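Enquirer: One structure follows; several queries about it will come next.
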Amino acid sequence: MQLAVLAIYLLAALAPWLCSKHREQTSRILALLPAGLTLWFASHLPEIIAGGKVIQPYAWIPGLDISLTFVLDGLSLLFALLICGIGTFILLYAGSYLKGHHHLQRFYVVLLAFMGSMLGLVLSDNLITLFVFWELTSITSYLLIGFNHQDDKTRKAALQGLIVTVAGGLALLAGLILVAIAAGSYSIQEILGQADVLRDYPFYNAMLICLLLGAFTKSAQFPFHFWLPNAMAAPTPVSAYLHSATMVKAGIYLLARLSPELSGTELWILLLTSAGTLTLFTGALLAIRSTDMKKMLAYSTVMALGTLTLLLGLSTELALLAFSAYLLSHSLYKGALFMLAGILDHEAGSRDLRELAGLRRLLPVTALCTALAALSLAGLPPLLGFIGKELFLDALLQGPAAAWMLALVMLSAISGVGIALLIALRPFTGELRAPKPVEAIHEAPKDMLAGPVVLVAASLLLGLAPGLVEGLVLASSSAVLGAEQTGYLSLWHGFNLPLLLSFVSLVLGLVLFRFWGRVRYHLSKLNPLFARGPEAGYFALMQGLVDLASWQTAFLQNGSMRNYLRVLLLSFAGLTAYTLLSRYQLHWNWEVSLYLHELILALILLSAAVAACITASRLGAVAAMGAVGYSVALVFVLFSAPDLAITQILVETLTVLLLVLVLFRLPSFTRLSTPAERGRDALVAILCGGLMTLLIMITIDVQLFPPISDYMIEQSQPLAYGRNIVNVILVDFRALDTLGEIFVLALAALGVYAMIKFRPETAPGANHSAGTLILPPKVRKSETSDATLSDSPSQEKSP
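Structure follows, in C-alpha cells:
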C-alpha cells in the first residue's frame, strides 16, 4: 500500500514529461495507474468481507512513535475504491474537458498529488501520518481550486477554502495529540478497544471539540459550510472529484474512523446530530435558491455531508449501516452529476438552468444519465440512492433524534426531490434553448461520457442487486461500529413509515418543482439574512486580521530600532517577571557585606554607566564605557581571576581605541527624543537591569545539576596537558567557539580599518571644491542613524 501511494506521487512527477511526449493520450495513460489500483484493492474484497484486515507496517520515525503503517479494513477499502475508481474517470474526463489548456500539465501534477494524499489519508494507521496527509490534501486542493488563478474570484475562493480547512487542521492536531496522550499510542490499531479510557479522559470534551473542529471545517459542516460552494470556481473535473470521493469526505472519514472510540457520549450525540441536521437543512435551503447547476450540486453535497454527520451522531447499528450505504450511493451519483453538469457547460455553453431547455434530442446520452443520477439523488427506486435514503429515514425514526430534527430532515428531503427534478428535467425538456447555436451542440467525447455512464450504471445495478455490494457496506459499517454488523441491504422493505415519508417528500418535491420560480422569489426576501450569515463572519474576521496587522505594523514594526529594542526588553521583562512571581517562591534573605574598596568599585561602575547615558559627547561616552570595562576587570582581579582580568583589559583597550578612531569622524550627538521619552527609556533600562540582577541573585542558590567546573578541573591536565584551566577551556574544550569569536573579531577589524581609511573627498557624490560630502537627496533622516545626524547643514561637513 505504501508503494501504491508512492507510485501515484511518482506518476505526478512524470506527468509533464508524459504530456509532452503523448499529448492527447496523456489522460488515458495516467488513468491506467488508478484503474490498476482499483483492481488491486478490489482483489482484497473477499478477505475484508470475511472480517479480515490487512496491515502493512513501516517504521518512519520510531523515536517519535511515528510510522508509515497502512491498514486496509472495510472503511479504508471503501474509500480507496472510490478514490481510485472515480479518480480514473476524472483523469479521462479532465483530458478531454481541458483539452488544449496551456496549464494542463500542471493540472495533472496537482490532481495526482491530491489523489495520492487522499489515499494516504484513508490508509494511514498513525495519527501524525494521517495529519500530514490531511494537510497535503488541503494544500493540493487549494492549488486545484485556484487552477484558473488569473481570475480574482477564483483566487479568493481557493484562499478561503485553504484558510478554513487549515485553521481546522490546527485544532485537529491538538485533538490528535490529546488522543495519543490519553491512549498512550499514536497507532489507531492500538487505540482501538480503549473507548472507556478515552471517554473517561479528563480532557475528553476539549479533545472531542478539537477533533470536531478539524472534521467540520474539512467537511463543510455548519457554520463552516460556506467555503464549499465557493470552491465551485474550480474546473468541473476538480469539483466532481472533491465532492464525490475525496476532499469533503475527509472529515467524514475521520469521524467514522474514530467513532468506535469516541462515540456514544452525550456530547458526541448532541454536537454531531445538531450540526448534521443544521448543515442538511442549510444546504437544502441554499440549493433551492440557486440556478447554477454546479452551485446547486455543491449545496446538495452540503446536504449529503450533513446527513452523514447526523448518522454518525446517532451511533446506532442501523445508523452506521445507513452511513456506509449512503456514502457509497452519494459518491456514485454526485460524481456523475458534476461531470454531466460540466458536459452541459462544455457543449451547450452554460450550466444555468434558466438558459437551458430542450437538449434531450441533441444530447440523448447526457439526458438519460442525468435523469438516472438525479433519481438517485432524489432517493427514488430502483437506484442505490433509494436504499441509502430508506435506511437513513429508518435510522432517524429509531434513533435518539429530536422532533425538530425530523422536521428539518423532511423539509430537506422535499428540497432534494425538487433539486433532482430541476436538474433532470429543466435542461432537457421544453423548447430548445441554449447559448450556443444548435449546430455546435453535440454529445461529449467518449472520455467525458465514460465516467457518468459507468457511475450511473453502477448506481442502477447496485440498486437492483444490492447483494453485490452488501458485503463491502457491512464491512465498512463494522469498522465504524467497532463490532460485527448484522444488517442487510434490500430494495424493498415493505410498506412502512420510511416509505410513506419518501412518498410524501416525492409529492411535495413535485410541487416545489412546479412552483420553483415563486419559491425562489419568496426566498430572495431572506437575502439580507443570508448576507449576514457565517460567510460574513469569515470576511469580518479576515478584515479584523488585516486591521490588526496594520496596527501592529505601525506600532511595533515602524522602522525604529529603538522601538524594536524597547518592545523586546519589555516583553522579556514582563514574561520573565510573571514566571518568577507566579511559579517560584522568591527568598529575599540575601546578606550583602561589602568591604570599603568593593563599595567604591561598585560606585565607580554605577557612576560610569550613568555618565555614558547622559553625556552629550561621543568621546565622553566612549571614555565612560571604558571606565565600566576597566572596573569589571578590577572585579575579576578581586575575585582571583587574573586571566579574565587581563583579557578584559586588552579587549577594553582595543575597543576604546577603535571607537575613538571611528567616532571622532562622526557629527556630534543630536537629541531626537523628548525628556519624557528619555525617562521612559531609562525606566525600561532600570527594569531590565534590575530583573537581570534578580535572576543572578536567584541562580546563586540554585544548583539543578552538578557544576561542570569539576569536570574541567579534573580533565584539564590529563586531556589537554595544561594547568591553566581557563586557557584550556578556551583553546581545547571550546576551540570551535573561540575560533568563531576570532573570526568575528577579524571581520570587525576589517570593517573598522575600512572606515579609518575612508576619505569622504574620494567618495562618489563628494563636492571636491568645497570639501563637503553631499548626501543623496532621497535619504531621509529616519533612514540614517537616528541619533547621529542632524537637520543642520553645518553638521553635514566632514571634520
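Heads up: the sequence shown begins at 1 in the UniProt record's numbering, then just goes up one per residue.
The C-beta atom is built at its ideal place from N, Cα and C for all residues, glycine as well.
Predicted model, so just to flag it, every value in this text is computed and none were measured.
Can you name, in chain order, every residue of its own chain whose Cβ lies under 7 Å from the Cβ of T38, other than the five neighbours on each side?
Expert: These residues qualify, in order along the chain: L81, C84, G85 and T88.
Enquirer: List the whole-angstrom C-beta distance separating V122 from Y253, where the pair is believed to meet the contact cut-off of C-beta under 8 Å.
Expert: Indeed, because the Cβ distance is near 6 Å, the residues count as touching under 8 Å.
Enquirer: Do S185 and V480 come within 8 Å of each other at the CB atom, strictly closer than that value?
Expert: No, the Cβ-Cβ distance between V480 and S185 is not below 8 Å.
Enquirer: Is W551 helix, strand or coil by DSSP?
Expert: Helix.
Enquirer: Going by DSSP, what residues sit across from S187 in a beta bridge?
Expert: Per DSSP, N126.
Enquirer: Quick one: residues in its chain with C-beta nearer than 8 Å to the C-beta of L730, no 5 flanking neighbours on either side, listed in chain order?
Expert: Once the five neighbours on either side are set aside, the close Cβ partners of L730 are T738.
Enquirer: Helix or strand or just coil, what does DSSP make of N767?
Expert: Low local confidence applies: a pLDDT of 48 at N767 is under 50, so the model's placement there is unreliable, and no value is given.
Enquirer: Could you please give the first and the last residue of the uninterrupted beta strand (DSSP E) stretch that includes F147?
Expert: That residue, F147, is in no beta strand (DSSP E); it is neither H nor E in DSSP.
Enquirer: List the endpoints of the continuous beta strand (DSSP E) containing F70.
Expert: Here the beta strand (DSSP E) through F70 covers F70 to L72.
Enquirer: So S290 and L78 are in contact, right, with Cβ under 8 Å, and what is the actual spacing, rounded?
Expert: Between L78 and S290 the Cβ distance is about 30 Å, and since that is not below 8 Å, they are no contact.
Enquirer: Measuring alpha carbon to alpha carbon, tell me which of L422, L719 and I145 ends up nearest H243.
Expert: Minimum Cα distance to H243 is reached at I145.
Enquirer: Going by C-alpha to C-alpha distance, which of H102, P202, A401 and L178 sits closest to H149?
Expert: Closest by alpha carbon: H102.
Enquirer: Assess contact between the stretch 267-286 and the stretch 323-340, defined as three or more Cβ pairs (one per stretch) separated by less than 8 Å. Is contact present?
Expert: As far as the Cβ criterion goes, the stretch 267-286 does not touch the stretch 323-340, which means the pair count is below three.
Enquirer: What number of angstroms, rounded off, separates the C-alpha of L384 from the C-alpha of G537?
Expert: Each residue's Cα considered, the two are about 38 Å apart.
Enquirer: If we ignore side chains and look at the alpha-carbon of each, how far apart do L356 and M247 end up?
Expert: When rounded, the distance between both Cα atoms is 30 Å.
Enquirer: From D227 to L393, what does the alpha carbon distance come to, in whole angstroms?
Expert: Reading off the sequence shown, one finds Trp at residue 227, where the question assumed Asp. So the two alpha carbons sit approximately 28 Å from each other.
Enquirer: For G771, count neighbouring Cβ atoms within 10 angstroms of its own Cβ and tell me buried if that reaches 16, exposed if not.
Expert: For G771, the predicted structure reports a pLDDT of 39, less than 50, and the residue's modelled location is therefore unreliable. A value from the coordinates is still provided. The residue is exposed, with fewer than 16 neighbouring Cβ atoms inside 10 Å.
Enquirer: Use the C-beta contact count for P642: other C-beta atoms within 10 angstroms, 16 or more gives buried, fewer gives exposed.
Expert: Result: exposed.
Enquirer: Got a sec? Which residues, its chain only, sit under 6 Å from G509 by beta carbon, not counting five neighbours each side?
Expert: Closer than 6 Å at Cβ, skipping near neighbours: I414, V417 and G418.
Enquirer: Is any beta-carbon of chain D found at less than 8 Å from that of E484?
Expert: You won't find chain D in this structure, because it holds only one protein chain.
Enquirer: Is L363 near the ligand SAH, with its Cβ less than 7 Å from a heavy atom?
Expert: Ligands displayed in this structure: none; no statement on the ligand SAH is therefore possible.
Enquirer: So, are the CB atoms of L318 and Q221 less than 8 Å apart?
Expert: In this structure, Q221 does not lie closer than 8 Å to L318 by Cβ.
Enquirer: Let me know the secondary structure DSSP gives I61 once reduced to three states.
Expert: I61 falls in the strand class under three-state DSSP.
Enquirer: May I ask you to report which of helix, strand or coil DSSP gives R289?
Expert: R289 falls in the helix class under three-state DSSP.
Enquirer: To the nearest whole angstrom, what separates the beta carbons of M405 and T316, a pair I think is in contact under 8 Å?
Expert: Between T316 and M405 the Cβ distance is about 14 Å, and since that is not below 8 Å, they are no contact.
Enquirer: DSSP three-state call for Q56: helix, strand or coil?
Expert: DSSP places Q56 in strand when its eight states are reduced to three.
Enquirer: Count the other CB atoms, across all protein chains shown, that sit within 10 Å of the CB of I756; report buried if there are 16 or more and exposed otherwise.
Expert: Its Cβ having fewer than 16 others within 10 Å, I756 is exposed.
Enquirer: Return the Cβ separation of L396 and V409 in integer angstroms, given the expectation that the two are a contact with Cβ distance under 8 Å.
Expert: Indeed they touch by this definition, with Cβ atoms about 6 Å apart.
Enquirer: Which residues in the same chain as M293 place their Cβ atom closer than 6 Å to its Cβ, once the five residues preceding and following it in sequence are excluded?
Expert: Excluding positions up to five away in sequence, the list reads A341 and R351.
Enquirer: Straight-line CA distance for A424 to H346?
Expert: Distance between the alpha carbons of A424 and H346: 17 Å.
Enquirer: So what does DSSP say about S412, is it helix, strand or coil?
Expert: Helix, per DSSP.
Enquirer: Tell me whether A357 sits in a helix, a strand or coil according to DSSP, three-state version.
Expert: Reduced to three states, the DSSP call for A357 is strand.
Enquirer: How many angstroms separate the CA atom of A748 from the CA atom of F572?
Expert: So the two alpha carbons sit approximately 28 Å from each other.
Enquirer: Do A12 and V164 come within 8 Å of each other at the CB atom, strictly closer than that value?
Expert: Contact flag unset, no.
Enquirer: Return the chain-ordered list of same chain residues with a C-beta closer than 6 Å to the C-beta of A304, the five sequence neighbours on each side being excluded.
Expert: Counting only Cβ-Cβ distances below 6 Å, and skipping sequence neighbours, we find H330.
Enquirer: Can you list, in chain order, the residues of its chain with a C-beta nearer than 6 Å to that of L332? Leave out the 5 residues immediately preceding and following it.
Expert: Closer than 6 Å at Cβ, skipping near neighbours: L455, A458 and S459.
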